[in-house]
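Asks: Supplied in structure tokens, the structure appears directly below.
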Amino acid sequence: MQLDARIPAGPIEAKWDRHKAELKLVNPANKRKYTILMVGTGLAGGSAAASLAELGYNVEVFCFQDSARRAHSIAAQGGINAAKNYQNDGDSVRRLFHDTVKGGDFRAREANVYRLAQVSASIIDQCVAQGVPFAREYGGLLSNRSFGGAQVSRTFYARGQTGQQLLLGCYQALARQVAAGRARVHPRTEMLDLVVVDGRARGIVTRDLVSGAIRSWAGDAVVLATGGYSNVFFLSTNAKGCNVTAIWRAYKRGAGLANPCFTQIHPTSIPQAGDYQSKLTLMSESLRNDGRVWVPARPGDTRKPADIPEGERDYFLERMYPAYGNLCPRDIASRAAKRVCDEDRGVGPGGRGVYLDFRDAIQRLGRAVIEERYGNLFQMYERITGEEPYATPMRIYPAPHYTMGGLWVDYNLMSTIPGLYVIGEANFSDHGANRLGASALMQGLADGYFILPYTIGDYLAGAGPSRIPADHAAFQGAQAEVAGRQRRLLAINGRRSVDSFHIELGKLMWNKCGMTRSAASLKECLERIPQLRAQFWEDLRVLGTGDTLNQSLEKAGRVADFLEFAELLALDALQREESCGGHFREEHQTPEGEARRDDQNHCHVSVWEHQGPDRPPQMHEEPLQFEHVPLATRSYK
Amino acid sequence: MDFTLHVWRQAGPDQPGHMELYQARDISPDMSFLEMLDLVNEDLEKQGIEPIAFDHDCREGICGMCSLVINGVAHGQQPATTTCQLHMRHFRDKDSIYIEPWRAAAFPVVKDLVVDRSAFDRVIEAGGFISVNTGSAQDGNCLPVPKDAADTAMDAAACIGCGACVAACPNGSSMLFVAAKVAHLAHLPQGQPEKRRRVLAMVEQMDREGFGHCTNHYECEAVCPKEISRQFIAEMNREYLKAGLQAH
Ligand SMILES: Cc1cc2nc3c(=O)[nH]c(=O)nc-3n(C[C@H](O)[C@H](O)[C@H](O)COP(=O)(O)OP(=O)(O)OC[C@H]3O[C@@H](n4cnc5c(N)ncnc54)[C@H](O)[C@@H]3O)c2cc1C
Ligand code: FES
Numbered sequence: 001m002q003l004d005a006r007i008p009a010g011p012i013e014a015k016w017d018r019h020k021a022e023l024k025l026v027n028p029a030n031k032r033k034y035t036i037l038m039v040g041t042g043l044a045g046g047s048a049a050a051s052l053a054e055l056g057y058n059v060e061v062f063c064f065q066d067s068a069r070r071a072h073s074i075a076a077q078g079g080i081n082a083a084k085n086y087q088n089d090g091d092s093v094r095r096l097f098h099d100t101v102k103g104g105d106f107r108a109r110e111a112n113v114y115r116l117a118q119v120s121a122s123i124i125d126q127c128v129a130q131g132v133p134f135a136r137e138y139g140g141l142l143s144n145r146s147f148g149g150a151q152v153s154r155t156f157y158a159r160g161q162t163g164q165q166l167l168l169g170c171y172q173a174l175a176r177q178v179a180a181g182r183a184r185v186h187p188r189t190e191m192l193d194l195v196v197v198d199g200r201a202r203g204i205v206t207r208d209l210v211s212g213a214i215r216s217w218a219g220d221a222v223v224l225a226t227g228g229y230s231n232v233f234f235l236s237t238n239a240k241g242c243n244v245t246a247i248w249r250a251y252k253r254g255a256g257l258a259n260p261c262f263t264q265i266h267p268t269s270i271p272q273a274g275d276y277q278s279k280l281t282l283m284s285e286s287l288r289n290d291g292r293v294w295v296p297a298r299p300g301d302t303r304k305p306a307d308i309p310e311g312e313r314d315y316f317l318e319r320m321y322p323a324y325g326n327l328c329p330r331d332i333a334s335r336a337a338k339r340v341c342d343e344d345r346g347v348g349p350g351g352r353g354v355y356l357d358f359r360d361a362i363q364r365l366g367r368a369v370i371e372e373r374y375g376n377l378f379q380m381y382e383r384i385t386g387e388e389p390y391a392t393p394m395r396i397y398p399a400p401h402y403t404m405g406g407l408w409v410d411y412n413l414m415s416t417i418p419g420l421y422v423i424g425e426a427n428f429s430d431h432g433a434n435r436l437g438a439s440a441l442m443q444g445l446a447d448g449y450f451i452l453p454y455t456i457g458d459y460l461a462g463a464g465p466s467r468i469p470a471d472h473a474a475f476q477g478a479q480a481e482v483a484g485r486q487r488r489l490l491a492i493n494g495r496r497s498v499d500s501f502h503i504e505l506g507k508l509m510w511n512k513c514g515m516t517r518s519a520a521s522l523k524e525c526l527e528r529i530p531q532l533r534a535q536f537w538e539d540l541r542v543l544g545t546g547d548t549l550n551q552s553l554e555k556a557g558r559v560a561d562f563l564e565f566a567e568l569l570a571l572d573a574l575q576r577e578e579s580c581g582g583h584f585r586e587e588h589q590t591p592e593g594e595a596r597r598d599d600q601n602h603c604h605v606s607v608w609e610h611q612g613p614d615r616p617p618q619m620h621e622e623p624l625q626f627e628h629v630p631l632a633t634r635s636y637k
Numbered sequence: 638m639d640f641t642l643h644v645w646r647q648a649g650p651d652q653p654g655h656m657e658l659y660q661a662r663d664i665s666p667d668m669s670f671l672e673m674l675d676l677v678n679e680d681l682e683k684q685g686i687e688p689i690a691f692d693h694d695c696r697e698g699i700c701g702m703c704s705l706v707i708n709g710v711a712h713g714q715q716p717a718t719t720t721c722q723l724h725m726r727h728f729r730d731k732d733s734i735y736i737e738p739w740r741a742a743a744f745p746v747v748k749d750l751v752v753d754r755s756a757f758d759r760v761i762e763a764g765g766f767i768s769v770n771t772g773s774a775q776d777g778n779c780l781p782v783p784k785d786a787a788d789t790a791m792d793a794a795a796c797i798g799c800g801a802c803v804a805a806c807p808n809g810s811s812m813l814f815v816a817a818k819v820a821h822l823a824h825l826p827q828g829q830p831e832k833r834r835r836v837l838a839m840v841e842q843m844d845r846e847g848f849g850h851c852t853n854h855y856e857c858e859a860v861c862p863k864e865i866s867r868q869f870i871a872e873m874n875r876e877y878l879k880a881g882l883q884a885h
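In order, the protein sequences belong to chains A and B.
Using our numbering, read the first sequence as starting at 1 and increasing by one per residue.
Using our numbering, read the second sequence as starting at 638 and increasing by one per residue.
So this is what it looks like as structure tokens:
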């Protein structure tokens, strides 16, 4: 496997501009001769599909929901970063770049991150022009808030529904292209395989989730914008349908998969209430702007929060990280919360929770201001827990939330398979070992609006229009494999439901490969996952048939892939003998319990190459160089 | 808690549907409605009965995918709450619960409780956007938007496109959905150039899709999980009239 990141030469500030000028172009009249297959309609896929269609390409778009507008991006609450410096508080491209590299614990590529910071400002402009109703000040100008890991106010937001509004912006732009005949959207359609012909991505195989029909799509390039894999933990803040299938299928067809062990545990989710629970609900990080995190100072204190006097509360983030306080980055806040709960100072059922308290903010600003800022989040909390956060502090606990790992891509966002591009959360590119809040929306839209539309043209211009039809032998083979797999899942006819396997896998991963990991716990994972997988293929029960809507069959396919992928995740976590960002190995910590990176041996991207069913995957390294943000121990103290 | 469920089952669009009786046992009051259904489905599978199909994804009230009529009310009795955010603590032990799909001419049933809402996408495609190509925007702060206008636009834009408004309307009208999009864009300066064209095209498409007419029942507003105001319908009617007059 060749890992050429294709980072352009020259000073970091000039790389992207120079690169754009050197990329080959497709003549406007020829663009319609190229078909691009876009899998996913979240912020990344939606924005890319719309932009490519505007340029004149022929775009086929796929998603598994019943409408492109329902992609998981819709659920993002808090906001989107951009280096606009509208607040005059010292922000700049350089600072956003710096914060992101440091926030990612020095495991991202500098050149990519710099470009991300550069294009961030254009994203806001584009969204405003589309009519995204961002929050505004009385003077009519855009408003900002702060997010974790930054000391400037650079986050743009639309109440607590920023993802929804940004997604509707690109969904509407895509709708315009559908009306213009340049894009077609295929909802309730799931990609189940990638087709590679002569080393190039040439198409995909899909299943129509309503009719069950399996068919092939041929194209000149395939783009995966299929989101993250947090649902490997079963319980996460992600939507129920989020899955790893698309990138896992691509991996098995030869695409390198990078840093799967970099998973993010978000500190502020509503704690789990019971075993029946089907998902965890995030409380946006923006709440940490005004909420203070605390637990009782004394272990085993079960008094009501209101009965615990000020002197007996431990505002542990403010105490441990005075410079950033409640706004320290997610990995750090999550581990601190776990630690105080492990000390028997947690609150709520099972002692797995900490308070997020708005008492002081309400006193300072008044209830009306808090209501305007967070009203819908407070409502959501009350609906789920039956408690009123204006009166009683919220209870929160960490939850799997985002995955920094994903398919490896070069500077052009192309995977190791020529013609296969990967954008948004599905790729590994910009967040290193930990993503900062409000940066995923920024990255998804940067990839989709401002990067891919430039870089994909270079590939297409070089390759020329494909002449490989959808009935080529490679398509027939892939289609037969997909159909065979569906039949096998239906034929097992065992005793256990798909969910029961998914829940078991999730528990294993959360307990042994979650917020903290050790060589012993990871080896246990590596032993148990194959056993569970074998059980799955012997004892699964999927009722019904493959030729209608069959939600159990859909889930079964996704869980089957999670059961394979989980093993690679654990393997990656085991080989990374260091702690960095969201990856915390118990063996590698400082005496104060902070993460200890090993830049000597692990300052690289770990890229896995599939070697077939019978051989272990092979790991390759892409070394990382830090010329602009000097390698340093991350400190938020 | 225990419940008796009456659930609409329908094998496919062209098949007849009917209500089936199921029991939900040992339900925790802290469960969401869909978690209760998960449990029932798990039970059905054990008995060799195909699980009940229903749409859902985010389970936090924002994607607009979940869509159940519960005891005759779209998304159930709880105000401003989607089906996925409805919790069992709002029901009484031993209640009978009737669960049906959205019912509207423009939303054909796909299977059981799942319906086809693609008509909404086509209404947006007809004009629910601002025509601006990527890359052609000026600086975001070059265009001040009065805060109250931005807030009103956001109130309208909060629509999640779930279709409860259509399901609740005796005429199967989608006026609230369409009006919300028209109002979102009409309240912003960016939306002005295409204002007339947009409302005419969207209303025309709405009629073409077989949605009914609004006869002022306002059941839509009552069930809307995002509390979209019927005020927007009145605004859209005015916009439509104005646009129609100017077009002639
Ligand atoms: C609750 C929550 C709140 C968040 N808040 C913020 C925030 O405030 N700020 C921020 O920056 N980030 C936030 N994030 C993270 C951010 O929302 C996501 O990382 C981002 O939206 C991912 O976008 P995407 O386009 O890559 O993928 P997604 O939006 O996940 O879209 C994936 C798309 O791929 C499709 N798909 C997947 N697999 C297949 C397949 N096999 N076949 C066909 N289609 C497929 C899906 O249908 C969907 O259309 C939040 C995340 C969560 C969970
Ligand atoms: S499942 Fe998303 S709104 Fe209910």
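All residues carry an ideal CB built from backbone N, CA and C; glycine is no exception.
Nearest chain A C-beta to B/ARG740 closer than 9 Å, yes or no?
Replies: It does not; no Cβ of chain A falls within 9 Å.
Asks: If contacts are defined as beta-carbon pairs under 8 Å, then A/ILE270 and A/ILE384 qualify, I think. What distance do you get, rounded to the angstrom?
Replies: A/ILE270 to A/ILE384, Cβ: 6 Å. Contact.
Asks: Interface residues of chain A around B/ARG696 at Cβ under 9 Å?
Replies: ALA239, LYS240, SER278, LYS279 and THR281
Asks: List, in order along the chain, the chain B residues whose C-beta lies closer than 8 Å to that of A/ARG176?
Replies: Neighbours of A/ARG176 on chain B, chain order: GLU762, PHE766 and SER768.
Asks: Which residues of chain B have a Cβ atom closer than 9 Å to the Cβ of A/VAL223, listed in chain order?
Replies: None at all; the shortest Cβ gap to chain B is about 15 Å.
Asks: For A/TYR34, which residues does DSSP report across the bridge?
Replies: BP columns for A/TYR34 are empty, so no partner.
Asks: Along chain B, in chain order, which residues have C-beta atoms closer than 9 Å to that of A/TYR449?
Replies: THR771 and GLY772
Asks: In the DSSP assignment, find the beta strand (DSSP E) that holds B/GLY654 and state where it starts and stops.
Replies: 654 to 661
Asks: Could you work out which residue in A/LEU194, A/GLY228, A/ARG292 and A/ALA213 is closest to A/ALA250 when comparing CA atoms only?
Replies: A/ALA250 has its Cα closest to that of A/LEU194, out of A/LEU194, A/GLY228, A/ARG292 and A/ALA213.
Asks: Listed from N- to C-terminal order along the chain, which residues in the segment 861 to 876 of chain B have their beta-carbon within a distance smaller than 7 Å of any beta-carbon of chain A?
Replies: none
Asks: On the DSSP bridge assignment, give the partners of A/PRO400 in chain order.
Replies: A/ILE265
Asks: On a Cα-Cα basis, can you pick out the residue from A/SER518, A/PHE565, A/GLY464 and A/GLU587 that is closest to A/LYS33?
Replies: A/GLY464
Asks: Looking at the strands, I want to know which residues DSSP matches up with A/THR206.
Replies: A/MET191 and A/ARG215
Asks: Mind listing the chain B neighbours of A/TYR138? Cutoff is C-beta to C-beta under 7 Å, in chain order.
Replies: LYS784
Asks: With a threshold of 8 Å (Cβ to nearest heavy atom), would B/THR720 be considered close to ligand 2?
Replies: Inclusion of B/THR720 in the 8 Å shell around ligand 2 follows from its C-beta lying nearer than that to a non-hydrogen atom of the ligand.
Asks: Could you tell me which uninterrupted beta strand (DSSP E) segments, each at least 3 residues in length, are contained entirely in the segment 793 to 828 of chain B, listed from first to last along the chain?
Replies: none
Asks: Given 8 Å as the limit, is there contact between the segment 745 to 765 of chain B and the segment 72 to 87 of chain A, that is, 3 or more CB pairs closer than that?
Replies: no
Asks: Using only the alpha-carbon positions, how far apart do B/CYS806 and B/TYR855 sit?
Replies: Taking the straight line joining both Cα atoms gives about 8 Å.
Asks: Tell me whether B/THR641 sits in a helix, a strand or coil according to DSSP, three-state version.
Replies: DSSP places B/THR641 in strand when its eight states are reduced to three.
Asks: Please report the residue range of the beta strand (DSSP E) in which A/ASP357 lies.
Replies: 354 to 357 is the extent of the beta strand (DSSP E) around A/ASP357.
Asks: With a cut-off of 8 Å on the beta carbons, I'd call B/GLY881 and B/PHE848 a contact; round off their distance for me.
Replies: At roughly 18 Å, the Cβ-Cβ gap does not stay under 8 Å, so B/GLY881 and B/PHE848 are not in contact.
Asks: Bridge partners of A/PRO623, per DSSP?
Replies: Assignment of beta-bridge partners to A/PRO623 by DSSP yields A/HIS604.
Asks: I'd like the span of the alpha helix (DSSP H) that includes A/ASN112, first residue to last.
Replies: 110 to 130
Asks: Going along the chain, which unbroken runs of the beta strand (DSSP E) with 3 or more residues stay wholly within the segment 539 to 618 of chain A?
Replies: 604 to 609
Asks: On the premise that A/LEU460 lies in contact with A/PHE428, defined as a C-beta separation below 8 Å, what is that separation, rounded to the nearest angstrom?
Replies: Not quite, the Cβ-Cβ distance comes to about 24 Å (not below 8 Å), so this is no contact.
Asks: Mind the definition here: the segment 552 to 564 of chain A touches the segment 498 to 508 of chain A only if three or more C-beta pairs lie below 8 Å; say whether that holds.
Replies: yes
Asks: Considering only C-alpha positions, which residue in the set A/GLY457, A/LEU235 and A/THR41 is nearest to A/MET414?
Replies: A/GLY457
Asks: Helix, strand or coil for A/ARG201? Go by DSSP, reduced to three states.
Replies: Just to set this straight, residue 201 of chain A is Ala in the shown sequence, not Arg. A/ALA201 falls in the strand class under three-state DSSP.
Asks: Check whether chain A comes within 9 Å of B/SER747, counting only Cβ atoms and requiring the distance to be less than that.
Replies: With the sequence shown as reference, residue 747 of chain B is identified as Val, and Ser is not the correct amino acid for it. Yes, B/VAL747 lies at the interface with chain A (some Cβ there is under 9 Å from its Cβ).
Asks: Among B/TYR735, B/ALA786 and B/LYS748, whose alpha-carbon lies nearest the alpha-carbon of B/GLN652?
Replies: Each of B/TYR735, B/ALA786 and B/LYS748 was checked against the Cα of B/GLN652, and the nearest Cα belongs to B/LYS748.
Asks: Is the segment 665 to 678 of chain B in contact with the segment 286 to 302 of chain A, if contact means three or more CB pairs nearer than 8 Å?
Replies: no
Asks: Closer than 9 Å, Cβ to Cβ, to anything on chain A: give me those residues from the segment 652 to 673 of chain B, in chain order.
Replies: ILE664, SER665, PRO666, ASP667, MET668, SER669, LEU671, GLU672 and MET673
Asks: Please return the same chain residues whose Cβ sits closer than 8 Å to the Cβ of B/PRO745, not counting the five positions on each side in sequence.
Replies: Closer than 8 Å at the Cβ level, and outside the excluded window around B/PRO745, lie PRO650, VAL752 and ASP753.
Asks: Closer than 8 Å by beta-carbon distance: list the chain A residues that pair up with B/ALA880, in chain order.
Replies: Per Cβ cutoff of 8 Å: no residues; B/ALA880 is ~18 Å from chain A at best.
Asks: Less than 9 Å separating the beta-carbons of B/ALA787 and A/ARG145?
Replies: no
Asks: Using CA coordinates, which residue listed in A/PHE156, A/LEU116 and A/ASP66 is at the minimum distance from A/ASN85?
Replies: A/PHE156
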